[in-house]
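Here is the structure we will look at.
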Amino acid sequence: MQSSTPQFRVAVIGGGPAGLMAAQTLAQGGAQVDLYDAMPSVGRKFLLAGRGGMNITHAEPYPDFVTRYGKAAEALRPMLDAFGPQDVRDWVHGLGVDTFVGTSGRVFPTDMKAAPLLRAWLHRLREQGVRFHMRHRWLGWRDGALLFAGPDGELTVQAYAAILALGGGSWARLGSDGAWLPLLAGRGVALAPLVPANCGFDVAWSEHFSSRYAGHPLTTVAILSTDAHGKPLRKQGQFVVTAGGVEGSLIYALSAALRDQIAANGSTTIFLDLLPDLTAQRVLDEVQRPRGARSMSSHLQSRLGIKGVKAGLLRECISAEEYANPERLAQAIKALPVRLLRPRPIDEAISSAGGVRFDALDGTMLKAVPGVFVAGEMVDWEAPTGGYLLTACLAGGLAAGQQALAWLRAGH
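The opening position of the sequence shown corresponds to residue 1 in the working numbering, with each subsequent residue numbered one higher.
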């Protein structure tokens with residue numbers, strides 16, 4: 001085997017952000033990179049995620065940023081230390097795309113679009129000699145070689161090393177279908193089941209409520225719940241009522257804890273503060289004011305601005321007796337119980353948790369399959385929306401590329 005840097009042939013399997021960053025790192029290090037993807041083009045989930053505004057990272061203080069990865073934070077920290085939020089911005093700027101920080105701290109390209117960024121990135125990768133092989137689905141190994149189903153049938157590929165960046169289990173139509181799990185399990189790789197992350201939840205709404213309020217946004221509310229350790233959680237924001245449940249940014253932000261509670265207990269109950277900017281005493285005072293001949297619903301709208309879907313939720317989630325009792329009604333306005341039955345299916349989720357366990361890895365290399373490295377959502381970590389997912393995928397791709405180069409240069 002060659003012992004210096006020149007032209008190691010490395011296969012990168014998966015054309016999302018983690019795979020593309022791994023390819024970039026390898027090419028810059030002198031490797032010949034062949035990137036394979038099952039889809040007709042790369043970056044499909046990246047492009048779809050950017051339709052509403054390409055959120056690339058987050059500008060909050062770095063110590064806070066790292067905590068967003070929950071129980072995987074310490075395992076991911078070395079990668080994020082090496083390629084963190086500011087590095088992501090610098091890299092984007094290096095591709096000729098300017099960025100700005102939004103009011104929420106999220107960082108976006110100035111034009112808010114993903115496509116120009118991806119085009120500039122692919123142009124650079126091609127200039128660096130990366131070769132792209134589309135419509136090549138990885139099937140595992142045959143006689144020590146990588147096995148693919150290509151446009152012209154099955155083919156095997158010999159490579160000095162391989163980086164797998166095949167995504168998790170969400171949005172299968174864009175390529176992240178989790179089909180790699182049995183392939184790695186067959187080689188003795190320790191895996192955690194894929195589960196939905198940044199997902200919605202089912203609620204047993206009545207037909208009356210569902211037909212009337214499905215699609216209605218709940219703005220400026222807070223959710224009260226608990227984390228995996230029983231510690232109180234309170235988060236303010238907005239979400240949407242669906243025909244069969246709830247979804248949206250505020251729900252996604254708490255989805256990991258809510259999903260795990262349901263897994264442990266069969267269901268979980270969140271409590272909605274419909275008026276988070278008012279104290280419980282202020283709400284009680286307004287509810288108890290004389291209302292004359294007005295109905296309670298008219299009274300609530302007049303005194304507290306509760307109408308529409310918020311008014312509907314009160315009717316849906318508490319009894320008629322509670323609604324007629326001013327004290328109980330005021331309590332419900334500040335802590336309305338909503339029972340969540342189950343997460344929505346993984347293919348609807350923005351991302352997934354589970355995958356290759358950290359104890360199956362030596363850095364980014366599979367202990368069970370030396371010379372094969374993994375990056376991105378294949379690994380068992382999760383993060384909320386807000387640029388955290390993309391940052392960790394890029395950081396993981398960089399780490400896998402660097403470790404693969406070091407492994408090859410060491411003469412393996």
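Note that beta-carbon positions come from the ideal geometry of N, C-alpha and C, so glycine has one too. Remember, it's a predicted structure, so these values are computed and weren't measured experimentally.
Exclusion of the five residues before and after residue 213 leaves 241, 309 and 312 as the residues of its chain whose Cβ lies within less than 7 Å of its Cβ. Contact check for residue 250 and residue 333: beta-carbon distance about 17 Å, past the 8 Å limit, so the pair fails to qualify.
Counting only runs of 3+ residues, the beta strand (DSSP E) found wholly inside the stretch 325 to 377 occupies 336 to 340, 351 to 356 and 372 to 374, in chain order. If you draw a 10 Å sphere on the C-beta of residue 265, you find fewer than 16 other C-beta atoms in it, and that means exposed.
Scanning 46, 36 and 27 for the CA closest to the CA of residue 387 turns up 46. Using a Cβ distance threshold of 8 Å, residue 363 and residue 21 do not count as a contacting pair. The C-beta of residue 380 has 16 or more other C-beta atoms within 10 Å across all chains shown, which makes the residue buried. For residue 77, the enclosing alpha helix (DSSP H) stretches over residues 73 to 82.
Taking 8 Å as the cut-off, the Cβ atoms of residue 272 and residue 336 count as close. In the DSSP assignment, residue 201 forms a beta bridge with 246 and 343. Here residue 343 has 196, 199, 201 and 259 as same chain residues with Cβ atoms under 6 Å from its own Cβ, once five neighbours each way along the sequence are excluded. Taken through DSSP and simplified to helix, strand or coil, residue 259 comes out as helix.
Residues of the same chain with a CB within less than 7 Å of the CB of residue 354, apart from the 5 flanking positions on each side, are 192, 193, 194, 195 and 380 in chain order. Counting the other Cβ atoms within 10 Å of the Cβ of residue 48 gives fewer than 16, which makes it exposed. By the CB criterion at 8 Å, residue 170 and residue 349 fall inside the cutoff. Taking a C-beta distance under 8 Å as the contact criterion, residue 371 and residue 165 do not qualify as a contact pair. Residue 367 holds the alpha-carbon nearest to the alpha-carbon of residue 190 among 215, 412, 367 and 226.
Of the residues assessed, residue 68 falls on the buried side of the cut-off, its CB having 16 or more other CB atoms within 10 angstroms. In the pairwise beta carbon analysis, the stretch 49 to 59 is classified as not touching the stretch 21 to 40: fewer than three pairs are separated by under 8 Å. CA-to-CA, the gap between residue 244 and residue 222 works out to about 20 Å. Three or more beta-carbon pairs drawn from the stretch 153 to 168 and the stretch 131 to 144 are found closer than 8 Å, and the two stretches are therefore classed as touching. Per the coordinates, the alpha-carbon of residue 211 lies some 13 Å from the alpha-carbon of residue 204. When Cβ pairs closer than 8 Å are counted between the two stretches, the stretch 274 to 286 is seen to touch the stretch 310 to 330, the count reaching three or more. Sixteen is the threshold: since fewer than 16 other Cβ atoms of the shown chains lie within 10 Å of the Cβ of residue 119, the residue is exposed. Residue burial is scored here from C-beta neighbours: residue 83 has at least 16 other C-beta atoms within 10 angstroms and is therefore classed as buried. The Cβ-Cβ distance between residue 13 and residue 162 falls below 8 Å. Secondary structure at residue 134: strand, using DSSP grouped into helix, strand and coil.
As DSSP reads the structure, residue 116 sits in no beta bridge. Beta-bridge annotation (DSSP): residue 9 is paired with 32.
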